[in-house]
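Below is one structure, written out as structure tokens; the observations come after it.
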Amino acid sequence: MNHEIWDVHTHLAGVPGNTSEEKLERLLEYADRMGIARLCVFLGMKWNYDPSPEDMRQQNDDVLRAVKRFPNRAFGFVYLNPKQTQASLDELNRCVRDGPMVGVKLWVALHCNDPKLDPIIARAAELKAPVLQHCWDKITGNLPGESTPMDMAELAARHPKATLICAHCGGDWERGLRAIRPHPNIYADIDGGDPTAGFTEMAVRELGAERVLYGSDAGGRSFASQLAKVYGAEISDATRRLIFAGNLKHLLRPILSEKGIKL
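The opening position of the sequence shown corresponds to residue 519 in this note's numbering, with each subsequent residue numbered one higher.
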């Protein structure tokens, strides 16, 4: 049975190409093979854990050029560094309020429960932009500023009106899903790790089908391995449709509507 598929989590890095446009073109070729209609793209050609304001702007410019080339296939999320509060707010306004981007990407510069995130999350909520936060809970130890789902639960409690996406569900998804379960404004992005049995079923059982999103982490992970988490799960087809596209459409509809984009 055919399903419309929107991918909430992709990158230009790890994909062949000399320019951001070439990389997204190749990524879309791979997506076409797997029947994926739309991609959310963030981070530019050269990643930095703790980017300066100039580096942030460069990475976002990479993504802006790429999505401008393929406006009907890709949405951009602005990459921000909460250590650089004013620069992040400026980029949020430049790329989302005044530009085509529709969401926010936060990575590993600072734990997401830090109060320095508060003005950024509040502004994103005003703009109706979902915030996708990288979260891991590694047995080998996280990076110094790397967030866990427990950190994200604290952030969600402070910002109940913000739309937050927990990327990777912490890797240790059994703990991660339980940590975010009490907060209805956190959605689970099930991308990244290996397609282990039971992950998607637990996400649906603990959070409800409406809070689970398909993502791949391509080009760091293959589309196929991450699609397997949803196609191979013991869930209803109606739930599968929500995870593949319905839930992400629901999250993006307010900001797309404001930008005059019809789904």
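Note that the Cβ used here is the ideal one computed from N, Cα and C, for glycine as well.
Remember, predicted model here, so these are calculated numbers, not experimental data.
For W654, the uninterrupted beta strand (DSSP E) segment begins and ends at 649-654.
Around the beta carbon of D712, a 10 Å sphere encloses fewer than 16 other beta carbons of the protein chains shown; the residue is thus reported as exposed. Take the alpha-carbon of P618 and the one of R729: they are about 25 angstroms apart. Across the set N520, H521, L561, G553, the C-alpha of L561 shows the shortest separation from the C-alpha of V533. Separation of the CB atoms of A680 and N703 is rounded to 6 angstroms, and the pair is thereby assigned contact status at 8 angstroms. A check of alpha carbon separations from E776 across G733, V620, Y548, H527 identifies V620 as the nearest. Residue pairing from DSSP places T528 in a beta bridge opposite V559, A736. Judged by their CB atoms, K623 and A584 are not nearer to each other than the 8 angstroms cut-off. When DSSP states are grouped into helix, strand and coil, C613 belongs to the helix group.
Between L745 and M563, the CB-CB gap reaches or exceeds 8 angstroms. Non-local beta-carbon contacts of T757 in its own chain, meaning distances under 7 angstroms to residues more than five positions away in sequence, involve V722, A727 in chain order. T603 and I683 have their C-alpha atoms roughly 20 angstroms apart.
Put simply, the backbone Cα of Y567 is about 31 angstroms away from that of A715. Excluding five sequence positions before and after D669, the CB atoms of its chain that fall closer than 6 angstroms to its own CB belong to H629, C630, N631, given in chain order. Taking S606 as the centre and dropping the five residues before and after it, the same chain places the C-beta of M574, L598, N599, P600, I638 closer than 8 angstroms to its C-beta, in chain order. Per DSSP, H768 is one residue of the alpha helix (DSSP H) stretching across 765-776.
Y597: member of the beta strand (DSSP E) spanning 592-598, first to last residue.
Note on the region 652-707: whole beta strand (DSSP E) runs with a minimum of 3 residues are 682-688, 704-707, in chain order. In the DSSP assignment, K747 falls within the alpha helix (DSSP H) that extends over 741-749. Under the DSSP assignment, L725 falls in the alpha helix (DSSP H) whose first and last residues are 717-725. In its chain, beyond the 5 residues on either side, R583, A584, R587 have a beta carbon closer than 7 angstroms to the beta carbon of E539.
Beyond the five residues adjoining it in sequence on each side, C558 comes within less than 7 angstroms, by CB distance, of D525, V526, H527, T528, F593, F595, G621 in the same chain, given in chain order. Note that the C-beta distance between V626 and L645 is not below 8 angstroms.
Taking all protein chains shown into account, E609 has 16 or more neighbouring C-beta atoms within 10 Å of its C-beta and is therefore buried. Per DSSP, the unbroken beta strand (DSSP E) holding V622 starts and ends at 621-624. Cβ neighbours of G535 within its own chain (closer than 6 angstroms, five residues either side excluded): K541, R544.
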